[in-house]
Every structure is written in C-alpha cells, then in structure tokens.
Amino acid sequence: MTADAPCRDEEIYANAIAGLLVGAKHVAVGMVSPIPGTGALLAREKSGGKTRVSILGKQKMLPWTDGSQELFDLAGQGRLDGFFLSGGQIDRQANINLVGIGDYPDHKVRWSGSFGSGYLYFVVPRVILFRWEHTRRTLVEKVDFISAPGTSEPGVYRPGGPIALITNLCLFEFLKDRGRFRLKSVHPGHTLEEVRDNTGFDFDLPESVPETPVPDAATLETIRGPVATRIAEVYPVFARDVFGIEPAKAPDAA
Amino acid sequence: MTADAPCRDEEIYANAIAGLLVGAKHVAVGMVSPIPGTGALLAREKSGGKTRVSILGKQKMLPWTDGSQELFDLAGQGRLDGFFLSGGQIDRQANINLVGIGDYPDHKVRWSGSFGSGYLYFVVPRVILFRWEHTRRTLVEKVDFISAPGTSEPGVYRPGGPIALITNLCLFEFLKDRGRFRLKSVHPGHTLEEVRDNTGFDFDLPESVPETPVPDAATLETIRGPVATRIAEVYPVFARDVFGIEPAKAPDAA
Amino acid sequence: MTDLFQSDLSALARQIPPGASVAINKGEGPDVPMALAKEIVRQGIRGLKLITIPASALPVSGMMVDMLIGAGCVKSIETSGVSMSELGAAPRFTKAVKDGALQVLDATCPAVLAALHAGAKGQPFASLRGIVGSDLEKHRDDFKLIDNPFEPGDPVVVLKAINPDVAIFHARYADRDGNVWIGRHRDQLFMAHASKKVLVTVEEVVDRNFYDDEAMVTGMIPSFYIDAICEAPGGALPMGLDGNANIKAVLAYMAAARTDEGFQAWLDENVLAGAKAAAE
Amino acid sequence: MTDLFQSDLSALARQIPPGASVAINKGEGPDVPMALAKEIVRQGIRGLKLITIPASALPVSGMMVDMLIGAGCVKSIETSGVSMSELGAAPRFTKAVKDGALQVLDATCPAVLAALHAGAKGQPFASLRGIVGSDLEKHRDDFKLIDNPFEPGDPVVVLKAINPDVAIFHARYADRDGNVWIGRHRDQLFMAHASKKVLVTVEEVVDRNFYDDEAMVTGMIPSFYIDAICEAPGGALPMGLDGNANIKAVLAYMAAARTDEGFQAWLDENVLAGAKAAAE
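Residue numbers (this note's numbering), protein chains in the order written: chain A, 71 to 324; chain B, 71 to 324; chain C, 49 to 328; chain D, 49 to 328.
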C-alpha cells in the first residue's frame, strides 16, 4: 500500500491510540488486538524506539524469559504503562464484560473469557478500551457480568484503570473522579447525534466536540511501512485485509 | 586410601546413615554436611543409582533448573524423601537451635542461622539429625531458640519430621508418637553409660542395646572409591582429611 | 535409556484416568499436545476437568480444547478464555456452554498462574491484586477476599493452590535420560512442578544428556518431574515447529465444527479413521 | 550500545543510597559481586540493610557479607545464615552480633525466597508451610500466623513481600543492549524482578544481542529490568569463573578478620590501598 492510498479508518484509530501512549516506557498488547497493536507500534516508532511494545500471541516476538506470568508480574511491579482491553459489553462506569450475555452461567451468548482483564485493569496506569462496534448492544448502561470493574471503592489497591475508550464512531476519555466517560472527539464522517443515538449510557460533553485527527502523510508512511510489516507477523489476516501485505514468512507453513 | 585401612568413625556413621535411606527416591544434603553427604551417596550406590542425591553448595552438582527455590518447592511437593539437619543445640523433643546460646537476640554465642530447617523439618518425611559432638552442651533438655520444632500440635500441616539422631557416640531413633528419642545402637568403643552421662535429656531404651554395625569390606570399598571421589568435589577439606584424596580439579584455582 | 519412554501414544493416554484434572498450556509455541489429545478422543476418556494455563485462545490450542469438548471428553474447564484468536470463537465450546453441557470456571490469567505457582511450591494459596469487585470473585469458591494480614483495611484476593492430576504438553526434545527441553517456555516447568503426573510428547529423543551442556540445562525440566514420554514427530500439528499455525487447517476445523454433523464428520476423518482402520 | 553501561565501579556504587536495602544472592556460582562490595566499602556507604537470597554461607559470599559488616556498612541483615561453609564461622558477623552492633532478622531459606517471589510479582504476601511453632515466627513482624482461608483450623504462616531497594550481582555476560545472561542462576532473575534498582557487574560485554539466540534468551534477564552495568573482569574473585573458590584467599581473610586490627590491616591492603594510592 502506498502513502497516496486514502486513509483508512483503522489508521485513524491507530493514530489516536498512539497519541494516548506518548511517553510510555513499556506497552503490552493482548490477544486479538490488531488495531491497538498498530497504534502501539506507531507510538514506538514516534518515540524513536523508547517505547517498548510487547505483543502477545507469538512467543518469538515477546521479550519474556519467565513464562506467561512475566507480563502480569511486570504489571504488578509497576513496570508496564499501557495495555488494551475490550468488552462484549462496556458500561457507563467502564465496567467490562468479556464473558457473555444473560445470567451467569446460563448465558444466551457466551464469549471467550476475561483473560487478563480482572488483574491488568487494576494495575496498569493507562488502560485503553476499544470496541469497534459502537451500538446500544455493546455500550450499555450496566454490563451483565463484570469481568473487571472500571472503578474501585476507596481502600482497594488500584494504581491502574481506564483512561479512554475508542470505537468506530468516537474517542471517549474516562474521568476517574467522576467514574464516567467524556466525549473527546468524533471520527471524521460521524456526528455527535450519531454517537448519542448509539450509546446505551449517559456521558459528559466538552464545550465543543472536535473531529478525531487524520494521520499526516509522514505518519501514514510509518504505519504502512515498518508498523505494517511487524503487525503482519502476529496478525496475518488483519495485515492482508488492511495493508494488503503478506507476512515475510508464510504463517500457514506447518 | 585402600580397603585394608582401618575403618574410620566417619565411615561407620555414613554406613548407619545409608541404612536409614533405603528405598528413598530423592535425598538432598544441605550445607556443611560432609558425613551425611557420604552416607547419602553410599545409599545411592547401594540402590544401584535409584536413590537420587542432590548436594547443596556447588551449583554444577545440582539438578535444579529453577534456582534455589527448587529444593524447597520439591520438598513442598512431597518429592523429597530425605534431608539432614544439625543443631548447635538439640533437645529432648528434637527441637533444634541453629541460631545461638542465650536470650535472642542478645546471644552469648551466635551461630550461622536456621537455613532451611524452619521449613524442611516440617515437610521432608525422613529428616536425619546429626551432631558429632555428643555432650550435655549440645544435647540439652530445652533449646535456647527453636529454629525448627521437633513435633507440632495436632492440626498443623506436618508430613515430615525427624526420624533419627546420630552422634559420635550413638544412633537414636525419634518416636513421633511419644515426641522423644529412643536409643537404637551405640557406636563401637562406646557404652550406654557414656551415652547417658553425656546426654542432657531423658530418652527411651530398647530391651537390649546393640552395637552400631561396622561397614563390611564391599561397603568400605564403595565409600573409599566412587563416594569419596564425588564428595571431594563439594567438600575438598573433608575428603583430604578423611579419605586422603584431592578433588580431580583443584578447588582453589581462581 | 530411562524407562520413562513409551513406544506409542496410546500407552501415554492410558495413564490419564477418566475424571482427572488435566493442565494444558497456552500454546504460544510448538507445544500444543494435539496428537495426544486426539488419542484421548480415540480412547474415549471422559469427565476430564481441563485447566488451561492460563487460557486456550490461540488457533491451535483453542482448536485442541474445542475438539476435546466436542468429543465429549470434558466435564469442566477452568480458564481465562477459549477462542481461536483472530480466527473467531471456538464453536464446540460456545455450543457446550449454551447447552449447559460444560461447566466453566471463569478465571483471569494471572490468577490461574498464581494458583498454579502456589501448587508448584506445595503451598496452600497465593495472594493477588485486582479481581476485587469483579463477578469472577463472586462465582469462585477457590477465590476468597480477605483483609491483608499486614495492612488492615486493605482487601486482597487469595487463590487456592492448583495441583492438577495430570499435565500434558509437547516439547522439542527429550534426552536419553528423560530430561525434557522446553527452552524459555517456563509455563511447562511450572505445570510439571505443580502436577501429580506429567505426560510429554516430544518431537525428537536425542542420544545425549542435557546436563552435559549448561545452555540446555537452563531450559530443561529434569527427568524426576516426568512420568512418561512418547516420541511423536509433528505432535503439535497443525502448529508447526516454527511456531506458525496452519491457519487453513484451523479454519477447516472451524467450518466443520459449526454443526454437530460437521464436527462428527471431521472427527471421523481426522481422528477416528486410523483407529477404525486398525480395529477392522 | 545502550546507555546502561558505566565505565567504572565507582559510578555503579554511587547509585546505592546510604540506608538502602540491598539484595545479595547465595553465591553458589561465580556471581558474587565482590568487586562492587569493595567499592561500597571504599565509598563508605553506610546503614545498608542487607537481604541475603536466601543465605550467605559459602566461602566467598560469606566473606563478602562479613567484610561489609566489618567495614561498618551494614545496619541490619535479613538472612537464613551467614558463614564460610565448611571453613568456619564468619568472624566479623559473629563479633558484630555479640557486640549488639548488627540487627539480624533471622529467617529460613524458603521464607526469604517466597517473600522475594511475592515481591517479584508485585503481590502483598506469600503463604508458606512450616515455621509454625518456631521462634523465627515469634521474632518477625513480617511473618504472621493466620487461619488458612480455605480450610478453617489449618494454621499457615504468611510472609510480607520483599522488594529490595537495590539488587547487586555479578554475571558472566551482558550483550551490547544490556541484556544480562545468568544461565540457570534463576535467583538473580527473581532479585531483578523484585528490586527497585538492579546494578550488575559482568565478566564480559559481548557485541551481540542475545535475543538472536534462543539458547541465550532462555537464561537471560531482559535489559528493561537493569539500571546499570559495569564490565568488571574477575568481579567475583576470589570466586573463580569455574565456580571454585580460592580457599587460600578466604582462609587468609578469616585469619586476619579474627581481630579488629587484623581485619583493618586486611582492608587496608586488599580494599583501600588502591583508593588511597589514587587519592594521593
């Protein structure tokens, strides 16, 4: 893909994510998170390599030497600044549900599971939530199951938590003190009204709502060059669909 | 040293120790325990290699791949059958003191410390106590500091504990139910009276008191051959003094 | 040569009793015991309580767990997640939960790891930050919220130690004495330390002793943790030795496993065919 | 090249604040940071709270700790044991305790390791079997006897996590990017994970990146745990690279350290001489 090709939504999202990671020393990217991975790798490029990015899912791309526990130990030690979480449902208070719809355990719909959320949400200072489907089905008043709570009562050890939520319509920031979201920007081609109509919970508004910036030419070149090449090693299907590239090594050579 | 040389006391002790380890799968030997090490290695030879012996103090002789914790983890998992402990003081109830004489922390005499005793004494099924100086100073009615207790109250998790105590005068077995020692045999050249005079606590007696056996010629050959060679790698000074051999590799090549 | 070696997978699988709790690792590397899992299906071992260390959410590990569930071998699963990663949901897992045919003990990754670690040390429980106020805590008898004994007013979750009956995994090498080389896949080491029985398939048995080579010892599980080993080249397929999954094979499985009939046909062709042929 | 590298030991030692808690490993291998310890003595850093992982009871590690105590650098020591192994007692340690000049926090090895491990995970405490009914438990505020939350009536000791201010050790290699190779000396890895600052001397800095070689990665501490590295060939002497101590040198130290005057003369000759010459 050349730098002339029109900017894709995924690139706008990744650019917005990179903007939330300025100054981070170490960012990890969890499972099934190709756009967050793209955003984190972009942050790394923009930092001149100072931001370390560890992408889960492929052992040889990880710096660990102590097994799966090392990601969590690193976070527990306060050495991990950024992480990403999603949710089948996300609610007004940033509670996330990765387990299923309906009463536990008799779900109408069962999702994969809570993964590291029940821990990392508490200890990583900059957790970025992402959920591309922005509807009243996904962004709800109250989740059916709390995989991890958005806020904690006073006295609970909680150095970490959500700082933002990005969707296919907009970017929210999370106000820790108020325990609720505030709209930060609306993506190009979408409107505040559309955001309101499709959000199942109430949120705060700034005085004026800006548009989410489109990445400049240099940023696009970085995304489509070194970032795309690296993301293809972990997310071959995504890289093929979005950047039209194949990983250097065929992923299906068994 | 040839098999004709007279049997040394250390060889009698090692032979008695080996007799306590028949059928053990894995025996570890702690720091500064050359005679227990000799006994354990003899048990290994007699088992045809089935009894594994891990001697602490020299990394390259240890099978661990998970650091110092592995010995204790192995014991915690119930995979370690035998271990050795000593004490500056050992009392009637098999409490051991590795810390010092007098009131803690203002000791008249300070020893090195409790090492793994506070844990291993609880979880290793066959702990063999050794204290070569058999006097009323070392074998006391009540220790000044309990590094590790000989018995525990009902309800305390305690799969392990002492099975025997060997000294330069005799071999005691420990009666768990009664929480006290019973004399098992007196070493050649010593008497029951001598044992009584030099023991600071009361102990049970069998109907008749046998003499601790002297190792036979084949056993002596094993001790002075493969066992001595291996013990010299960890305890060069001991091996020189007792077996008159030098380690294959000079230990003081820095 | 040690007597740990078994000549075929069936001898290995026979050491897994029905109803056993079985630990399975994450599958980031070529360590998914797929060949052994297929043998479990062929032998019809049932009632298994799977424990994923800490999740089965990569294409091949997800597929293996999904297959065991679909084949009716699994009674419950303790996990932080089951999926095929970016390829999609695990079809048989999803269906079994919906049908109420599978008990899920929902966890979060570091909780599984911390509890396994406590088990590996022979200790009763581990403490873990986080979890407080989640629904995970509410539904697990083996997660308890206590007051930090060192700081009153500080609520902390403690997790009961996990000691699986059996751990199974695939590894690159075993030496002739039964030491198993895992490289930096430390999870298998913790699984081996924590489990009562450890069954391993290896790509290759090599005629040497790894203790002779400090570089190999560093990434090795000593033989005294291992109960049986079977040489099974390609035992992690469709996970390749280079750590890349054969995505086409996983997608073909997923397509078939969308329906009961499709799954059964896939099983017949890919798992049971050999056994049937041998029995005829 | 990373900016972790320091050109001399003095720059490394300056990063240890007076009064810091300092973790030191057991010293079974050629990993005793003796050269750095001597620099600590030269700089007169005082009030240190040593934590031995889990003991300092081998000839060279015992000697190093004894020297630091004798030189007045140490306020307290948390340890499971200090000695020179079969060579005998640690003379300055023994004297300092008798004089009431050193606070000893007596521990048992697995308690130190479990507490350090909890610290390495960022967790508040660890559970450990044993200890119950010993005098260790009675004298430690950071050991507490609680009722097992999962089994009422089962008393268990919990240990407060240890997070040292500084960890120091010697290692065989660092690569050009500051990754430190420790082989199977895993204790250093836990120390590095648990400590707020990690200062390392290495035998040799090699012009490569260990991530290119899976065999090296397996026994490596990644650079992001390391705060400063100084190349110091022979930095563990009198512990040799082959893991054998120079016993004559240790015995000479022990003979000298029997008296205050003898110890001072040994220090003058073996530690301070260079500094004095440089200052003149």
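Cβ atoms here follow ideal geometry from the backbone N, Cα and C, with glycine treated the same way.
Treat the numbers as computed from the prediction; the structure is a model and nothing was measured.
Distance check between Thr-261/A and each of Val-279/A, Phe-271/A, Phe-251/A places Val-279/A closest, using alpha-carbon atoms only.
Proximity of chain B to Thr-142/D at the Cβ level (cut-off 7 Å) is accounted for by Arg-180, in chain order. Contacts with chain C (Cβ-Cβ distance below 9 Å) from the region 123 to 147 of chain A involve Leu-126, Gly-127, Lys-128, Gln-129, Lys-130, Leu-132, Trp-134, Thr-135, Asp-136, Gly-137, Ser-138, Gln-139, Glu-140, Leu-141, Phe-142, Asp-143, Ala-145, Gly-146, listed in chain order. Assigned with DSSP and collapsed to three states, Leu-253/B falls in strand. Judged by pairs of C-beta atoms under 8 Å, the region 265 to 280 of chain A touches the region 238 to 257 of chain A, as three or more such pairs exist. The Cβ atoms of Val-130/D and Val-113/D lie closer than 8 Å to each other.
Val-89/D carries a helical assignment under DSSP once its states are collapsed to helix, strand and coil. Cβ proximity to chain B below 7 Å picks out Thr-127, Ser-128, Gly-129, Val-130, Ser-131, Ser-133, Glu-134, Ala-137 from the region 108 to 141 of chain D.
Around the beta carbon of Val-92/A, fewer than 16 other beta carbons lie within 10 angstroms, which makes this residue exposed. Close to Arg-196/B, with beta-carbon spacing below 7 Å, lies no residue of chain C; the smallest spacing is near 17 Å. If you draw a straight line from the Cα of Ala-159/D to the Cα of Leu-176/D, it comes to about 7 Å. Taking Pro-281/D as the centre and dropping the five residues before and after it, the same chain places the C-beta of Glu-251, Glu-252 closer than 8 Å to its C-beta, in chain order. Among the CB atoms of chain A, none fall inside 8 Å of the CB of Ala-297/D. Within the region 148 to 174 of chain A, contact with chain D at the beta-carbon level (separation under 8 Å) is assigned to Gly-148, Arg-149.
Boundaries of the beta strand (DSSP E) harbouring Ala-276/C: 276 to 279, taken from the DSSP string. The beta carbons of Arg-162/A and Glu-211/A sit closer together than 8 Å.
Within the region 260 to 313 of chain C, the complete beta strand (DSSP E) runs of at least 3 residues fall at 276 to 279.
Looking at the DSSP output, Gln-139/B sits in no beta bridge, so it has no partner there. A distance below 7 Å between beta-carbons, with the five flanking residues on each side excluded, links Val-297/A to the following residues of its chain, in chain order: Thr-108, Leu-111, Leu-112, Glu-115.
Residue pairing by DSSP places Leu-155/A opposite Leu-199/A in a beta bridge.
Contacts between His-257/B and chain C, judged by CB atoms closer than 8 Å, are missing: the closest CB pair is about 34 Å apart. When the five nearest sequence neighbours on each side are left out, the beta carbons in the same chain lying within less than 6 Å of the beta carbon of Lys-86/D are those of Val-319, in order along the chain. For Arg-122/B, the number of other beta carbons within 10 angstroms of its own is at least 16, and it is reported as buried. Leu-190/B is classed as buried because its beta carbon has at least 16 other beta carbons within 10 Å across all chains shown. At a beta-carbon threshold of 7 Å, the residues of chain A lying near Leu-161/C are Ser-138, Gln-139, Phe-142, ordered along the chain.
Comparing alpha carbon positions, the residue from Glu-317/C, Leu-237/C, Tyr-301/C, Ile-88/C closest to Pro-139/C is Tyr-301/C.
Residue pairing for Gly-170/B: DSSP places it in a beta bridge opposite Arg-180/B. Listed along chain D are Glu-262, Val-265, Thr-266, Gly-267, Met-268, each with a C-beta nearer than 9 Å to that of Arg-232/C. For Lys-146/C, the uninterrupted alpha helix (DSSP H) segment begins and ends at 139 to 146. Counted as a single uninterrupted DSSP element, the alpha helix (DSSP H) harbouring Cys-157/D occupies residues 157 to 168. The beta carbons of Gly-167/D and Ala-240/D sit no closer together than 8 Å.
With fewer than 16 other CB atoms across the displayed protein chains lying within 10 angstroms of its CB, Arg-207/A is exposed. The three-state secondary structure of Phe-271/A, taken from DSSP, is coil. When DSSP assignments are scanned along the region 221 to 251 of chain A, the uninterrupted stretches of beta strand (DSSP E) that are 3 or more residues long and fall wholly within it turn out to be 232 to 237, 240 to 245. Contact check for Gly-152/B against Phe-192/B fails: the beta carbons are separated by 8 Å or more. Listed along chain C are Ser-133, Glu-134, each with a C-beta nearer than 7 Å to that of Val-102/A.
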